[in-house]
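Visitor:
Protein chains: 2
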Amino acid sequence: MTPRATNADSSAAKLVELRDAVRDADVKAVRDIVTSSGFFAPHEIDVAGELVVERLARGAASGYHFIFADADSQPIGYACYGPIGCTVGSFDLYWIAVQAEIRGQGVGRRLLQEVERRVALVGGRRVYIETSSRPLYEPTRHFYERCGYHAEAHLEDFYSLGDAKVVFVKPLDAARLHR
Amino acid sequence: MTPRATNADSSAAKLVELRDAVRDADVKAVRDIVTSSGFFAPHEIDVAGELVVERLARGAASGYHFIFADADSQPIGYACYGPIGCTVGSFDLYWIAVQAEIRGQGVGRRLLQEVERRVALVGGRRVYIETSSRPLYEPTRHFYERCGYHAEAHLEDFYSLGDAKVVFVKPLDAARLHR
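Read top to bottom, the protein sequences are chains P and H.
For the first sequence, position 108 matches number 107 in numbering that gives the first Met the number 0, and the numbering has no gaps at all.
For the second sequence, position 66 matches number 65 in numbering that gives the first Met the number 0, and the numbering has no gaps at all.
1. Can you find the residues in the same chain that come closer than 7 Å, C-beta to C-beta, to residue 18 of chain P, ignoring five residues on each side of it along the sequence?
2. Using a Cβ-Cβ cut-off of 7 Å (strictly less than) and excluding sequence neighbours within five positions of residue 44 of chain P, which residues of its own chain qualify?
3. Please decide whether residue 140 of chain H counts as near chain P, where near means a Cβ-Cβ distance under 8 Å.
4. Where does residue 112 of chain P sit, in a helix, a strand or coil, going by DSSP?
5. Please list the partners that residue 166 of chain H has in chain P, where partner means a Cβ-to-Cβ separation under 8 Å.
6. Rounded to a whole number of angstroms, what is the C-alpha to C-alpha distance between residue 162 of chain P and residue 73 of chain H?
7. Only counting runs of 3 or more residues, tell me where the beta strand (DSSP E) segments fall wholly within the stretch 53-85 of chain P, in order along the chain.
8. Could you name each continuous beta strand (DSSP E) segment of 3 residues or more that falls completely within the stretch 151-176 of chain H, going from the start of the chain to the end?
9. If you measure from the beta carbon of residue 146 of chain H to each beta carbon in chain P, is any gap under 8 Å?
10. Compare the Cα-Cα distances from residue 94 of chain H to each of H:71, H:48, H:138 and report the closest residue.
11. With which residues is residue 90 of chain H paired in a DSSP beta bridge?
12. In chain order, what residues of the same chain have a beta carbon less than 7 Å from the beta carbon of residue 111 of chain H, not counting five sequence neighbours either side?
13. Which residues in the same chain have their Cβ closer than 7 Å to the Cβ of residue 106 of chain H, if we skip the five residues on either side of it in sequence?
14. Excluding sequence positions up to five away, which residues of its chain have a Cβ less than 7 Å from the Cβ of residue 62 of chain H?
15. Consult DSSP for residue 131 of chain P and reduce its assignment to one of helix, strand or coil.
16. Pick helix, strand or coil for residue 20 of chain P, following the three-state DSSP scheme.
17. List the residues of chain P that residue 61 of chain H touches, going by C-beta distances under 9 Å, in chain order.
18. State buried or exposed for residue 25 of chain P, treating a residue as buried only when at least 16 other CB atoms are found within 10 Å of its CB.
19. Just the C-alpha distance for residue 183 of chain H and residue 71 of chain P, rounded to the nearest angstrom, thanks.
20. Identify, in the order they occur along the chain, each residue of the same chain with its Cβ nearer than 7 Å to the Cβ of residue 23 of chain P, setting aside the five sequence neighbours on each side.
21. How about residue 169 of chain P and residue 129 of chain P: are their beta carbons less than 8 Å apart?
22. If you draw a straight line from the C-alpha of residue 58 of chain H to the C-alpha of residue 64 of chain H, how long is it?
23. Of all the options P:89, P:131, P:85, which has the alpha carbon lying nearest to the alpha carbon of residue 46 of chain H?
24. Going by DSSP in three states, residue 40 of chain H sits in which element: helix, strand or coil?
25. Using a Cβ-Cβ distance cut-off of 8 Å, determine whether residue 90 of chain H contacts chain P.
26. Which residue from H:60, H:99, H:151 puts its Cα closest to that of residue 38 of chain H?
27. Buried or exposed, going by whether 16 or more other CB atoms sit within 10 Å of the CB of residue 172 of chain P?
28. Which chain P residues sit within Cβ distance under 8 Å of residue 86 of chain H?
29. What does residue 43 of chain H reach in chain P if we use C-beta pairs closer than 7 Å?
30. Report the partner residues of residue 97 of chain H according to the DSSP bridge assignment.
31. Looking at the unbroken alpha helix (DSSP H) that takes in residue 145 of chain H, where does it start and where does it end?
32. Just the chain P side, please: which residues come within less than 7 Å of residue 125 of chain H by C-beta, in chain order?
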């Protein structure tokens, strides 16, 4: 069985419930999920939590939309995305993270597919994901590729010397995703 | 004489005074400059003005830094730039615009050089500029290339179908720019 099939069949991915309503408790939940993932620095964890605060304060006008994956009503993963200003139909996936213990069971893939479905529903054409070229993020980059994204740009030394920004994109096939 | 030499020698570029302090009157001045340039849509003109408002309200903490080119104490061009979050030493040039009547006289080049000088002074390594692939922006792209920028990325259909985002970058030679 390929990892892809394993993911698609995993019980964790099937059992989680997806929701888009954001609650006060999600500020802490997001910080916990992002921290547990081990991929983010302290200031990035702060940013992740602040986006939830911003969303709670300003609603959809914040430009930040969330999908939470709940198991037993507790968030174990989430994605945050939004429209890119001054574009027609381009969206950014700002964050996607799954609790470390649940990783590899298809929850991230389900979150990403839900983001794409919702972006397509509002007429979105493309989803962009920016990530680092560092070896730490190799599993992340492979995950995006398995989900149908391709690296369209590579900005040398963007994050810091030797740490490039890789821009992934997936053009959405609206007809397929609307189903 | 090449256009480059013409620009460098122009009296307009020499006579303008550069300043970084932002005044209330600059909100209108920026909107007028951006409007006169003919390169921006109404919602983009709003964004340009809002960044000045944001800077006036929050100061340097806004993340928006301005250089104005004044002739007879009136702004005839400006640049807006700032550090890119979660990077070490990468900066974005958000806006650069010069009143239509003054274009081609080296004011834009002087503004851009001043941005680079200030970015290098605070340890910045790279300046990024994002622009559109549309024919309207061909003079803009050539201007960036003449100023030492190169197109590092090309994101198809980013702004809209057929309208790509081109990302220009200039690695700063700190030793040279500090002089």
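Just so it is clear, CB atoms sit at the ideal spot from N, CA and C, and this is done for glycine as well.
Guide: On the basis of the coordinates in this document:
1. 67, 69
2. 30, 33, 34
3. no
4. helix
5. 152, 154
6. 42 Å
7. 64-70, 73-82
8. 162-170
9. no
10. H:48
11. H:82, H:126
12. 78, 95, 146
13. 11, 12, 15, 68, 75, 76, 97
14. 81, 82
15. strand
16. coil
17. Ordered by position in chain P, no residue passes the 9 Å Cβ test against residue 61 of chain H, which lies about 16 Å from the chain.
18. buried
19. Look at the range of chain H in this structure, 0 to 178, and you will see that residue 183 of chain H is not part of it.
20. 55
21. no
22. 9 Å
23. P:85
24. coil
25. no
26. H:99
27. exposed
28. 157, 158, 159
29. 85
30. H:76
31. 137-145
32. 156
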